[in-house]
Amino acid sequence: MGPPVQLMAMALSLRARCVFLGGPGAGKGTQARRVAGAASLVHISTGDMLRQEIATGTALGAKAKPFMDLGKLVPDEILIGMVNERIQKPDAKSAWILDGFPRTLPQAEALDRSLSVANALSHVIYFAVPEQVLFGRLTGRRTCSKCGAIWHVETNPTRKPNVCDVCGGATVQRADDHPDKIAKRLEEYRTLTAPLLTYYRERKVLREIDANRSPDVIYQELLKLMQ
Ligand code: AMP
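Dropping the structure here:
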């Protein structure tokens, strides 16, 4: 038997600088929240950061919104500047999980340039899920408007409809989780993000996880992969 899950999670906390890669709905956010919570890593979700910019009415949010509303990727220069700034903050000096970034080759190259050799990426985890499964996950996904917990109407429902089990907040369907937007997001993934698999495979940092399984099974395997 291997070491207990809690010990494996704690062992990650000092040195992990990870990218979670995969299509929309692959489970990156769910797992990043869980690993980050257990291992005291900083969870940096670019989608959450952009939604926050929009919610607080910033200039960056205003620039990003039209792209997000169409299910398209936001331009690289916006994302690169935002992430560079975020990973310079004191809490992110050594260990973090990037969830949703990079999503294009120019973003991946910019990330490499901004990390010193001593500070290079330790893991890139690819969450492999067939596209038709992603579609079903996204249409049924609900997100807590208060704490960000992620639910699914069929596979992971809240006890009370539309009420988050964790904090009691209202669960909502993200605007871009509507079927018409999902097709565009999957196309953006296929054409712009999937080439990153080759980029990281060539750099020998890519680890693949079969993410078409239950969140608990994926979590256990993820901690082992990240050791
Ligand atoms: P997510 O919550 O990760 O699914 O991201 C939601 C939306 O935010 C995406 O569909 C994009 O419009 C935008 N977005 C998030 N991360 C990136 C990124 N790295 N590059 C470009 N757009 C992004």
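So the sequence shown is numbered by the numbering used here: it starts at 78 and just counts up by one.
Built from N, CA and C at the ideal position, the CB exists for glycine as well.
Could you check whether the Cβ of residue i sits closer than 8 Å to any heavy atom belonging to ligand 1?
i	result
THR275	no
PRO179	yes
PHE144	yes
GLN297	no
GLN184	yes
ASP287	no
ASP125	yes
VAL151	yes
SER222	no
ARG262	yes
ALA141	yes
LEU137	no
THR265	A quick correction: the sequence has Glu, not Thr, at residue 265. Checking every heavy atom of ligand 1 against the Cβ of GLU265, one is found closer than 8 Å.
ASP189	no
LEU156	yes
ARG219	no
PRO256	no
PRO101	yes
Taking the alpha carbon of residue i as the reference point, which residue from the options has its own alpha carbon closest?
i	options	result
HIS200	ARG278, GLY100 and ALA115	ARG278
LEU299	ARG94, ILE286 and SER291	ILE286
PHE212	CYS224, VAL160, PRO256 and ALA115	PRO256
LYS258	PHE144, ALA132, ILE202 and ASN161	PHE144
LEU384	ALA260, SER222, LEU118 and VAL282	Since the first residue of the chain shown is 78 and the last is 304, residue 384 is not available in this structure.
THR216	GLY158, ALA260, GLN304 and ASP254	ASP254
ASP242	ALA252, ARG251 and HIS229	HIS229
GLN250	ALA195, GLY138, LYS261 and GLY225	GLY225
ALA115	ALA252, ALA93 and ARG214	ALA93
ALA288	LYS281, THR270, GLU208 and GLN304	GLU208
ALA260	LEU147, ASN233 and THR248	LEU147
LYS142	ALA271, LYS170, ALA252 and ARG290	ALA252
For residue i, count the other beta carbons within 10 Å of its own beta carbon; 16 or more makes it buried, fewer makes it exposed. Which is it?
i	result
LYS306	It is not possible to answer for residue 306, since the shown part of the chain is limited to 78 through 304.
GLU265	buried
THR268	exposed
GLY104	buried
THR220	buried
VAL206	buried
THR135	exposed
Short check: CB of residue i to CB of residue j, under 9 Å?
i	j	result
PHE204	ILE295	yes
ASP125	GLY99	no
THR133	LEU156	no
CYS310	LEU198	With the chain covering 78 to 304 only, the question about residue 310 has no answer from this structure.
SER222	GLY246	yes
ILE227	TRP173	no
LEU263	PRO101	yes
MET159	LEU127	yes
PRO292	ARG163	no
LEU150	ARG190	no
LEU302	ILE202	yes
THR232	ASN239	no
GLN129	ASP153	no
Which residues does DSSP list as the beta-bridge partners of residue i?
i	result
ILE202	PHE97 and ARG284
ASP176	PHE97 and SER122
ARG163	Answer is none; ARG163 lacks a bridge partner.
VAL240	ALA247
HIS229	ARG218 and ASN233
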